[in-house]
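Using our numbering, read the sequence shown as starting at 50 and increasing by one per residue.
Glycine is no exception: its CB is placed at the ideal position from the N, C-alpha and C atoms.
Here the structure is laid out as C-alpha cells; the discussion comes afterwards.
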Amino acid sequence: MTDEAKAKQQIDELRRELERHNRLYYIDAAPEITDREYDQLLQSLEQLEQRHPEFASANSPTQRVGGAPIGGFENVKHTVPMMSLSNTYSKEELLEFDVRIRKLIPEAAFDYILEPKIDGVAISLRYEDGELVRAVTRGDGATGDDVTTNVRTIKSIPLRLADMMPPAVLEVRGEIYMDTAGFAKLNEARQDAGMEPFANPRNACAGSLKMLDSREVATRPLDAIFYATGELSGIKFDTHEQMLLSLKNYGLRITPNYWLSDAIEQVLERLDELENMRDVFPFEMDGGVIKVNERSLYDDLGYTAKSPRWAVAYKYEPEQAETTLHTISIQVGRTGVLTPVAELEPVQLAGTTVKRATLHNEDEIRRKDIKIGDRVIIEKAGEIIPAIVKVVTEKRTGTEVAFTMPTACPVCGSEVEKREGEVALRCINLQCPAQVKNWLTHYASRGAMDINGLGESLVEQLVDCGLVKTPAELYTLQKVEVLGLERMGEKSADNLIKGIEDSKKRAFEKVLFGLGIRHVGKGAATVLANEYKTIDALMAADLQSLEEIHDIGPIVGKSVVEYFQSLETRAVIDQLRAAGVNFEQADNGGSNELEGLTFVLTGSMETMTRDEAGDKIKLRGGKVSGSVSKKTSYLVAGESAGSKLTKAEKLGVTILSEEQLIALLGSDEAIADKNAGQMGFEF
Ligand code: IVH
C-alpha cells in the first residue's frame, strides 16, 4: 500500500471510530472512553488531516467546531414539502379527528402513535449514501434556508449514518432545540455581558441556527430529535414506529418516549400522562402529536393544503398563575449588570412556589407596561425561570406606581452606565461590593480555586468589613484579621488561611477560570491555558490569534482581549502573581526526558488508569496519541489489549508492559528534581 493509501485508511478508521464514540456519548449515553481520550483521538485525526489536505471532508468529526463566517444562507427547495400539523387544544376535537379517519378508511385496522411535540425549530437533513449533504430549515414549507454548516456543529447529529449499507437517499425531519438547562446558562451569560436575554429556548435556538458564524453556533447547547421523513430512495418503512427505530439505528436521536394505542380514548389518557412528564424532558414540550402508525394508509388518508390528515397536534395550555407584584428589586451581578427582579405574592405554579420573577431589563418593563402593585400573569418560560407574561390591566385601581431604573448602583451608590449596543445598565465601580462579592465567591468556588472554607457568607463578611476588595487581597489576609469575624474560631481561621495558601498551587486553567473573564467558562479556560501556557502569552494574544483556536469563538476572543486591556485587571494580575499564584501551565515540576516520543495506551492497567498514565507521560514531555501509526514510539499494552496491539505489532512498534512503563517513568519525586539527569533505561 502506498503511504497515501495508508493515510487515507487511517483517516477513515479514525473518523469512524470518533463517530462511534460520538454516538455512544450523545445517543446511547454510554461512553466507552473519557473526554480526554476522545480529544486525543480527535487531535490525531486533525494532525493527519493537516498532513493530508487532499482527504479533507466537511463531514469529518474535526469540522464540528465550525468554520469561517458566511455571508448569508442559500435558499433550497424541499423535494418533498415540509408540511405542518393541524392543531387543537380540545379533546373533543381529537374524538372528531378519530371519527374522520375511520370514515376515510372504514375497513382498515390501525394504531395511533403518540409522541411529544417538541417546541423547537423544524429541520430537514438529507443523507446521500449515508453522508450528510444538506440541512435545510422549514422556511415556508416549500423552500428553506441551507444551514448545513451550522447544523454540522451539533454533536448529536451524525455526519455519516451508522450503517455500512445506507440507503441512496434518506431525508429525515425533526426538531432542533436548545437544551433547557443550557438555555438558562446562556441567558445568564448574556445578561452578565449586558445583552438582551432570549425570551425562551425556541427563540434562542432559532437565533443560534441563523448565526452566520458557525464557530459561535458550536458553543450553543443545541440538540435534535427526529420524527418524520422527506424524500427516500432505497428504503421503505411500513410503520412510523419502524421508521423511528431505524432512525435510531442510523445514529439519529428519536423521542425518548412514545406510546402505541389502538383506540383514541387510550390516546386521551396517555396525553395526560405525557403532560405530567413535561419537566422530565430536556426540551420544551408544548403538546403531543398523534399519528396513524401504519404508513401504508397515509396516501388513502391524504393531505390538506397545509397538513397531513393522518396526524394532529394536541397543544397543552402553558402553565400560568395570577398574582400581585409587590415591588421591584435590583440585583447586581458579577460583571456589574443591574437586573430588575419582580418580588411577588407567593403563588403555586407547576408544582413550585414562585416568589420572584425575572424582568430582564428596563425595556422589558416598558414593553409590558408593568407597574408596582399590578396584578400580573406569570408563566414558566422554558419551564425554568418564571416570567411575567402580562399585566391584568382590568384589575388596575389607579394606585399602581410606574417603575424607573435607579441612576445609581443600589449597592455602592456609584454611577451606572449603558454601554454602546447593550440594553443593560451597569455599575461602573469595579470595587462595588456586589461585584466584588460575586467575583470572590466565583474565584473561591470548587471549579475555580477551590478555597476550602471560603463560601458566600464569609465572602460577605470579608467584603463588608473592608478586608478584601479583590482576589489578590485574599493572599495578604492575616489570621488576626480573620479572627475578628463572626463565628470564626482559631481552627476555622487556620483552615481558611491554609485554604488560601493551598490555592496558590492550582493549575493555571483554574486560575484563569477564577479570574471571571466574561464568557470564559471552564472549558474555554482549559483551552486557553493549554494553548498559551502562561498568562503573559495570553495577555499578549491578539483577537486574530485567539479566534484561530479551536473551540474559541469570536465572542470569547473579544472578551479576553478587552479583559486584559483594563489597567485594573492588570494590577490584580500583578498582585496575584506577586502573591505566588500559578500563572503557568503544567510543566512546572515536569521534565523533558520523554520529549519527541509518542505513546499509545491500550487495555486496562493495574496500578493506574490510562488517564493517569497519560498525565505522567506528558509531565515528562512525552505525547499521548489515541491511535497507533508508524510514528508511535511505544505502545503500552495493559490487560486485554485488542486491535491497537495487533496493529502495533504489525507496524513493528515497541510494546511496553505496565511494569516497563512504570520503570521508564521513574518516580514522581525524581521528576520534580530536575537534576535527576539520565534515567538510564534502555529498550
Ligand atoms: S410531525 C407532516 N412530530 O410541530 C408532519 N412534528 O406544528 C410533520 N413538531 O412543523 C410533523 N414535534 O416542526 C411532528 N413529534 C413531532 C413534532 C413535530 C414538534 C413540530 C414540527 C411541525 C410543527 C407543527
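Open item on the list: Just to confirm my understanding: we take I711, look at its own chain, exclude 5 residues before and 5 after, and list those with CB closer than 8 Å. What are they?
Closed with: Locating residue 711 in the sequence shown gives position 662, where the first residue counts as 1. Contacts found: T656.
Task: Reference T353, options I666, G675, M131, closest by Cα - done: On the sequence shown, position 304 is the one that residue 353 refers to. Closest option to T353, Cα to Cα, is M131.
Task: Closest by C-alpha distance to C458, when choosing among V621, G385, N579 - done: Numbered from 1 along the sequence shown, position 409 holds the residue referred to as residue 458. Here the closest residue by C-alpha is G385.
Open item on the list: Quick check: what's the CA-CA separation for F159 versus E141?
Closed with: As a working mapping, residue 159 is identified with position 110 in the sequence shown. As a working mapping, residue 141 is identified with position 92 in the sequence shown. F159 and E141: Cα-Cα distance of roughly 21 Å.
Task: G663 classed as buried or exposed, judged by whether at least 16 other C-beta atoms fall within 10 angstroms - done: As a working note, residue 663 is residue 614 in the sequence shown. Counting Cβ neighbours within 10 Å, G663 comes out buried, since at least 16 surround it.
- [ ] Alpha carbon to alpha carbon, how far is A493 from E432? Give it in angstroms, no decimals.
- [x] In the sequence shown, the residue the question calls residue 432 occupies position 383. In the sequence shown, the residue the question calls residue 493 occupies position 444. Because the pLDDT at E432 is just 49, under 50, the model does not fix this residue reliably, and the value given afterwards should be weighed accordingly. For E432 and A493, the distance between alpha carbons rounds to 31 Å.
Task: R38 CB to nearest heavy atom of ligand 1 below 7 Å - done: Because the chain spans 50 through 732 in this model, residue 38 falls outside it and cannot be assessed.
Task: Local conformation of E588 per DSSP, three classes - done: The sequence position of residue 588 within the sequence shown is 539, counting from 1. Inspection of the sequence shows that residue 588 is occupied by Met rather than by Glu. Of the three classes helix, strand and coil, the one that applies to M588 here is helix, per DSSP.
TODO: Take E522 as the anchor and find which of V630, M227, E95, T128 has the nearest alpha-carbon.
DONE: In the sequence shown, counting from the first residue as 1, residue 522 sits at position 473. Answer by Cα proximity: V630.
Task: Beta-carbon proximity of M292 to S257, cut-off 8 Å - done: Position 243 of the sequence shown, counting from 1, holds the residue named residue 292. Position 208 of the sequence shown, counting from 1, holds the residue named residue 257. No.
Task: Strand pairing of W488, partner residues [DSSP] - done: For the purposes of this step, residue 488 is identified with residue 439 of the sequence shown, where counting begins at 1. W488 is not bridged to any residue.
TODO: Might you give, ordered along the chain, the residues of its own chain that have their beta carbon closer than 7 Å to the beta carbon of F122, omitting 5 neighbours on each side?
DONE: Here residue 122 corresponds to residue number 73 of the sequence shown, with the count starting at 1. D194, D195, V196.
Open item on the list: Suppose the cutoff is 7 Å on Cβ atoms and the five residues either side in sequence are ignored; what does the same chain contact list for K55 look like?
Closed with: For the purposes of this step, residue 55 is taken as the residue at position 6 of the sequence shown. No residues qualify anywhere along the chain.
Task: Inter-residue spacing [alpha-carbon to alpha-carbon] between E103 and I60 - done: Indexing the sequence shown from 1 puts residue 103 at position 54. Indexing the sequence shown from 1 puts residue 60 at position 11. Their Cα atoms are separated by approximately 11 Å.
- [ ] Count the C-beta pairs between the segment 474-483 and the segment 364-378 that are closer than 8 Å, then say yes if the count reaches three, no if not.
- [x] The segment 474-483 is not in contact with the segment 364-378.
Open item on the list: Mapping the DSSP letters down to three states, classify G279 as helix, strand or coil.
Closed with: By 1-based counting over the sequence shown, the position of residue 279 is 230. DSSP places G279 in strand when its eight states are reduced to three.
Open item on the list: Using C-beta distances below 7 Å, list every residue in its chain close to L91, excluding the 5 sequence neighbours before and after it, in chain order.
Closed with: In the sequence shown, the residue the question calls residue 91 occupies position 42. Once the five neighbours on either side are set aside, the close Cβ partners of L91 are L67, P110, T111.
Task: Q634 classed as buried or exposed, judged by whether at least 16 other C-beta atoms fall within 10 angstroms - done: Counting from 1 along the sequence shown, the entry for residue 634 is found at position 585. Q634 is buried by the Cβ-count criterion.
Task: Where V569 sits in the DSSP three-state scheme - done: One-based indexing of the sequence shown puts residue 569 at position 520. Here V569 sits in coil by DSSP.
Open item on the list: Checking 8 Å against the spacing of the C-beta atoms, do T202 and V125 come in under that value?
Closed with: Within the sequence shown, residue 202 is the residue found at index 153, counting from 1. Within the sequence shown, residue 125 is the residue found at index 76, counting from 1. The answer is no: Cβ separation not under 8 Å.
TODO: Have a look at I598, L346, A117 and flag the residue whose alpha-carbon is nearest the alpha-carbon of L153.
DONE: Counted from its first residue, the sequence shown places residue 153 at position 104. Taking only the C-alpha atoms, the option nearest L153 is L346.
Task: Closest by C-alpha distance to V114, when choosing among N306, L208, I546, L235 - done: Along the sequence shown, read from residue 1 onward, the residue named residue 114 stands at position 65. It is L208.
Task: the segment 171-182 touching the segment 204-223, judged by at least three CB pairs closer than 8 Å - done: Taking one beta carbon from each stretch, the segment 171-182 and the segment 204-223 have 3 or more pairs nearer than 8 Å; the two touch.
TODO: Output the distance between the C-alpha atoms of H497 and T128, rounded to the nearest integer angstrom.
DONE: Here residue 497 refers to the residue found at position 448 of the sequence shown. Here residue 128 refers to the residue found at position 79 of the sequence shown. Note on residue identity: the sequence assigns Ala, not His, to residue 497. The alpha-carbon atoms of A497 and T128 are separated by roughly 51 Å.
Open item on the list: Classify Q484: buried if its beta carbon has 16 or more other beta carbons within 10 angstroms, exposed otherwise.
Closed with: Here residue 484 corresponds to residue number 435 of the sequence shown, with the count starting at 1. Buried: at least 16 other Cβ atoms inside 10 Å.
Open item on the list: Using 8 Å as the threshold, is the C-beta distance between L694 and T651 below it?
Closed with: Taking the first residue of the sequence shown as position 1, residue 694 is located at position 645. Taking the first residue of the sequence shown as position 1, residue 651 is located at position 602. For L694 and T651, yes; Cβs fall inside 8 Å.
Task: Under 8 Å between C-beta atoms of L134 and A360 - done: Here residue 134 corresponds to residue number 85 of the sequence shown, with the count starting at 1. Here residue 360 corresponds to residue number 311 of the sequence shown, with the count starting at 1. Taking 8 Å as the Cβ cut-off, L134 and A360 qualify as a contacting pair.
Task: Cβ pair V396, K417 closer than 8 Å - done: For this step, residue 396 is matched to residue 347 along the sequence shown. For this step, residue 417 is matched to residue 368 along the sequence shown. The answer is no: Cβ separation not under 8 Å.
- [ ] Note down the Cα distance separating Q315 from E343, rounded to an integer number of angstroms.
- [x] Here residue 315 is taken as the residue at index 266 of the sequence shown, counted from 1. Here residue 343 is taken as the residue at index 294 of the sequence shown, counted from 1. Cα to Cα, Q315 sits roughly 18 Å from E343.
- [ ] Grab me the residues of L144's own chain with a C-beta within less than 7 Å of its C-beta, minus the 5 sequence neighbours each way, in chain order.
- [x] Sequence index remark: in the sequence shown, residue 144 carries index 95 (1-based). If we look at L144 and ignore the five residues flanking it on each side, its Cβ neighbours are I313.
- [ ] Report back the beta-carbon spacing between M334 and I167 to the nearest angstrom; my notes put them in contact at under 8 Å.
- [x] As a first step, residue 334 is located in the sequence shown; it is residue number 285 there, counting from the start. As a first step, residue 167 is located in the sequence shown; it is residue number 118 there, counting from the start. Contact flag correct, Cβ pair sits at about 6 Å.
Open item on the list: On the CB-based measure, 16 or more other CB atoms within 10 Å of its CB, does K486 come out buried or exposed?
Closed with: Counting from 1 along the sequence shown, the entry for residue 486 is found at position 437. Buried: at least 16 other Cβ atoms inside 10 Å.
Open item on the list: Does M50 pass the burial test, meaning 16 or more other C-beta atoms within 10 Å, or should it be called exposed?
Closed with: Along the sequence shown, one-based indexing puts residue 50 at 1. Counting Cβ neighbours within 10 Å, M50 comes out exposed, since fewer than 16 surround it.
Open item on the list: Using a 10 Å radius around the Cβ and a threshold of 16 neighbouring Cβ atoms, would you call G447 buried or exposed?
Closed with: On the sequence shown, residue 447 is found 398 positions in, with the first residue counted as 1. Exposed: under 16 other Cβ atoms inside 10 Å.
TODO: May I ask you to check if the CB of R302 is nearer than 7 Å to at least one heavy atom of ligand 1?
DONE: Taking the first residue of the sequence shown as 1, we reach residue 302 at position 253. The answer is no for R302.
TODO: Go ahead and pull the three-state DSSP assignment for V605.
DONE: Stepping through the sequence shown from its first residue, residue 605 is reached at position 556. Looking at V605 - three-state DSSP - the assignment turns out to be helix.
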